[in-house]
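J.:
Numbering (the numbering used here), first residue to last: 68 to 170.
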């Protein structure tokens with residue numbers, strides 16, 4: 068971080084780039100109603116957990132199936148029942164959904 072700040076001065080080779088930005092698109096109310104009635108919702112980032120909770124008005128009644136520990140921690144903090152993928156990958160997420168459905 069110090070080096071990046073140091074380079075920022077008058078260096079013509081230094082540029083700031085935005086790698087990605089999380090945006091909150093409009094959501095179809097019918098789709099949101101269907102999501103609220105789901106048994107589980109998958110989450111791949113903490114920002115998606117927060118956005119879903121904001122839109123849905125809370126965690127109930129769905130279980131949160133999270134790809135990793137950061138999204139899982141946020142989901143727990145927001146009151147979701149959480150299943151965390153192991154390994155923390157798409158394959159692990161699919162297995163977690165499958166195992167949840169069987170339980």
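C-beta: ideal position from N, C-alpha, C; glycine also.
Using the Cβ count rule (16 or more neighbours within 10 Å means buried), how would you classify residue 84?
T.: Counted from its first residue, the chain shown places residue 84 at position 17. Classification of residue 84: exposed, given that the 10 Å Cβ count is below 16.
J.: Ignore the nearest five residues each way along the sequence and tell me which others in residue 108's own chain have a CB closer than 8 Å to its CB.
T.: Reading the chain shown from its first residue, position 41 is the one you call residue 108. The residues are 102, 119, 129, 130, 131, 132.
J.: With distances taken Cα to Cα, identify the nearest neighbour of residue 142 among 112, 97, 88.
T.: Within the chain shown, residue 142 is the residue found at index 75, counting from 1. If we check each option's Cα against that of residue 142, 112 comes out closest.
J.: For chain D, find out if any of its Cβ atoms is closer than 8 Å to the Cβ of residue 170; answer yes or no.
T.: This model lacks chain D altogether, as it is built from one protein chain only.
J.: Taking 8 Å as the threshold (C-beta atoms), are residue 110 and residue 138 in contact?
T.: Locating residue 138 in the chain shown gives position 71, where the first residue counts as 1. Locating residue 110 in the chain shown gives position 43, where the first residue counts as 1. Closer than 8 Å, so yes.
J.: Could you tell me whether the Cβ atoms of residue 152 and residue 168 are closer together than 8 Å?
T.: For the purposes of this step, residue 152 is identified with residue 85 of the chain shown, where counting begins at 1. For the purposes of this step, residue 168 is identified with residue 101 of the chain shown, where counting begins at 1. Going by C-beta atoms, residue 152 is not nearer than 8 Å to residue 168.
J.: Using the C-alpha atoms, what's the distance from residue 99 back to residue 122?
T.: Position 55 of the chain shown, counting from 1, holds the residue named residue 122. Position 32 of the chain shown, counting from 1, holds the residue named residue 99. C-alpha separation (whole angstroms): 8 Å.
J.: In or out: residue 126 buried (at least 16 other Cβ within 10 Å) or exposed?
T.: Here residue 126 refers to the residue found at position 59 of the chain shown. By the 10 Å Cβ count, residue 126 comes out buried.
J.: Give me whichever residues DSSP pairs with residue 107 in a beta bridge.
T.: As a position in the chain shown, residue 107 is number 40, starting the count at 1. Partner(s): 130.
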